[in-house]
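*Asks:*
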Amino acid sequence: MAASPVQRALLHGAAKPVVWLLALLPVAWLVHGVLTDNLGANPAEALIRSTGDWALRSLCVVLAVTPLRQLTGWHALARFRRLLGLFAFFYAALHVLSYVWLDMGWEFRALVSDIVQRPFILVGALAALALLLLAATSPMALVRALGGKRWQRLHLGIHLAAWLALLHFFWMRAAKNDLMEVGIYAAIIALLQSWRLVRQLRAHRS
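Numbering (my numbering), first residue to last: 58 to 263.
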């Protein structure tokens, strides 16, 4: 059976560079905003908020890869999942760096106090640590060392990271009574997780 045009495009050698460029567009936009002084009245808050938003969006994209692959038959999507996961960590790392630098001013005692006193910061830190663990175990040498099945079980942690990131986002927006975006992300993550759960139940029954 001949591969579909989309499948052939996904397998093309230029596909990954295109994904790289698309994934880097948000950070390019933020750098442009900094250089042109176009991030609003509070550039520090804009950087912290935008990098966090893109980390959550990237997690949604990662979670969507498997359902989209199963739904469409575009199996070549699987070759992008690890790369997209690394970009989710990249934006989460930028979010943490922006917070530690621009909000905390590298005052680590104040940082620890903030984590202890504000639950949404603690949950965000846990999500970032989960993504750090996944990123650190992404090289092929570690995949081989851990074994395929063990590595796959470990990388199911992406689902935990997504829910922690969503909870972090919810608590942050709840303080401002602004929950519309939270509801959108919650619906997306719940839908993607439900797809996975239904597939697993069907596989178990058969």
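Yeah, the Cβ is synthetic: ideal placement off N, Cα and C, and Gly gets one too.
When the Cα atoms are used, what is the spatial distance from residue 116 to residue 146?
*Replies:* Rounded to whole angstroms, residue 116 to residue 146 spans 9 Å at the Cα level.
*Asks:* Please go through the same chain and pick out, in chain order, the residues whose beta-carbon is closer than 6 Å to the beta-carbon of residue 177, but skip the five residues on each side of it.
*Replies:* Cβ within range, chain order: 225, 228 and 229.
*Asks:* Take residue 250 as the anchor and find which of 240, 216, 242 and 238 has the nearest alpha-carbon.
*Replies:* Nearest option by C-alpha distance: 216.
*Asks:* Under DSSP, the alpha helix (DSSP H) around residue 161 begins and ends at which residues?
*Replies:* Segment: none, residue 161 is in no alpha helix (DSSP H) and carries neither H nor E.
*Asks:* So, residue 159 versus residue 101, is the Cβ gap smaller than 7 Å?
*Replies:* In this structure, residue 101 lies closer than 7 Å to residue 159 by Cβ.
*Asks:* Is residue 245 buried or exposed, if buried means 16 or more other CB atoms sit within 10 Å of its CB?
*Replies:* Looking at its Cβ environment, which holds 16 or more other Cβ atoms inside 10 Å, residue 245 is buried.
*Asks:* For residue 263, count the other beta carbons within 10 Å of its own beta carbon; 16 or more makes it buried, fewer makes it exposed. Which is it?
*Replies:* By the 10 Å Cβ count, residue 263 comes out exposed.
*Asks:* Going by the CB atoms, is the gap between residue 64 and residue 163 shorter than 7 Å?
*Replies:* Not a contact, by the Cβ cut-off of 7 Å.
*Asks:* Closest by CA to residue 351, which one among 61, 207, 156 and 208?
*Replies:* Any answer about residue 351 is impossible in this case: the structure gives the chain only from 58 up to 263.
*Asks:* Given a threshold of 16 other Cβ atoms within 10 Å of its Cβ, counted over all protein chains shown, does residue 218 qualify as buried or as exposed?
*Replies:* Buried.
*Asks:* Among the residues of its own chain, which have a CB less than 7 Å from the CB of residue 167, if the five just before and after it don't count?
*Replies:* If we look at residue 167 and ignore the five residues flanking it on each side, its Cβ neighbours are 161.
*Asks:* Among 105, 174 and 78, which has the Cα closest to the Cα of residue 91?
*Replies:* Ranking the options by Cα distance to residue 91, first place goes to 105.
*Asks:* Confirm, please, whether the CB-CB distance from residue 242 to residue 113 is below 7 Å.
*Replies:* Yes, the pair counts as a contact, with Cβ atoms nearer than the cut-off.
*Asks:* What do you get for residue 173, buried or exposed, if any count of 16 or more other CB atoms within 10 angstroms of its CB means buried?
*Replies:* By the neighbour-count rule (16 or more Cβ atoms within 10 Å), residue 173 is not buried but exposed.
*Asks:* Does DSSP put residue 213 in a helix, in a strand, or in coil?
*Replies:* The answer is coil: DSSP assigns residue 213 none of H, G, I, E or B.
*Asks:* I'd like the span of the alpha helix (DSSP H) that includes residue 248, first residue to last.
*Replies:* 237–262 is the extent of the alpha helix (DSSP H) around residue 248.
*Asks:* Is the beta carbon of residue 133 closer than 7 Å to that of residue 67?
*Replies:* Yes. Within cutoff.
*Asks:* Assuming residue 240 and residue 191 form a contact by the criterion Cβ under 8 Å, report the distance between their Cβ atoms to the nearest whole angstrom.
*Replies:* In fact, because the Cβ distance is near 26 Å, the residues do not count as touching under 8 Å.
*Asks:* Taking 7 Å as the cut-off, decide whether the C-beta atoms of residue 152 and residue 109 are in contact.
*Replies:* Yes, the pair counts as a contact, with Cβ atoms nearer than the cut-off.
*Asks:* Which residues mark the beginning and the end of the alpha helix (DSSP H) in which residue 110 is found?
*Replies:* That run of the alpha helix (DSSP H) goes 100–129.
*Asks:* Using the three-state DSSP reduction, which class does residue 195 fall into: helix, strand or coil?
*Replies:* Coil.
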